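Structure first, then comments.
Residue numbers (mature numbering (1 follows the signal peptide of the UniProt record, and there is no 0)): -20 to -1, 1 to 108.
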């Protein structure tokens, strides 16, 4: 009998915890910023920052390619860093919190083609 009572109480407690968590998280919004930086030689690649808003609308911001005809272009890297940090600061100033940053690189096959991609997941609790 004690086993059943304990099981019943644990089930009710867990259900209450889930319900309370649902109430606090129901107003949580997510926003994702994805940066795609091309490492294709000669500057032939395309680099972008894509911002996906909570309403699923998106905006694109051009970024510079990491390589030019002469090789790695540090001026372009500095320009991209500035755009990315200014964008993140803009959103954190508006109450968004950086939840997670996921860096990755993709290089299909052999050679020097590929991209660096980073996803920044931001969240904010408030009205939808």
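All residues carry an ideal CB built from backbone N, CA and C; glycine is no exception.
Since this is a predicted model, take the numbers as computed values, not measurements.
Taking C-beta separations shorter than 7 Å and ignoring five residues to either side along the sequence, the partners of residue 80 in its chain run 101, following chain order. Counting only runs of at least 3 residues, the stretch 43 to 90 fully encloses the following beta strand (DSSP E) elements, listed from N- to C-terminal order: 77 to 86. Separation of the CB atoms of residue 95 and residue 19 is rounded to 6 Å, and the pair is thereby assigned contact status at 8 Å. Contact check for residue 11 and residue 34: beta-carbon distance about 6 Å, within the 8 Å limit, so the pair qualifies. Exclusion of the five residues before and after residue 97 leaves 16 and 84 as the residues of its chain whose Cβ lies within less than 6 Å of its Cβ. Inclusion of residue 43 and residue 28 in the CB contact set at 8 Å is warranted, their separation being smaller than that value. Residue nearest to residue 32 within the set 21, 47 and 14 is 14 (criterion: CA-CA distance). According to DSSP, residue 19 shares a beta bridge with no other residue.
Here residue 71 has 11, 13 and 102 as same chain residues with Cβ atoms under 8 Å from its own Cβ, once five neighbours each way along the sequence are excluded. Distance from the CA atom of residue 30 to the CA atom of residue 66, rounded to whole angstroms, is 14 Å. Residue 104 and residue 8 have their C-alpha atoms spaced approximately 6 Å apart.
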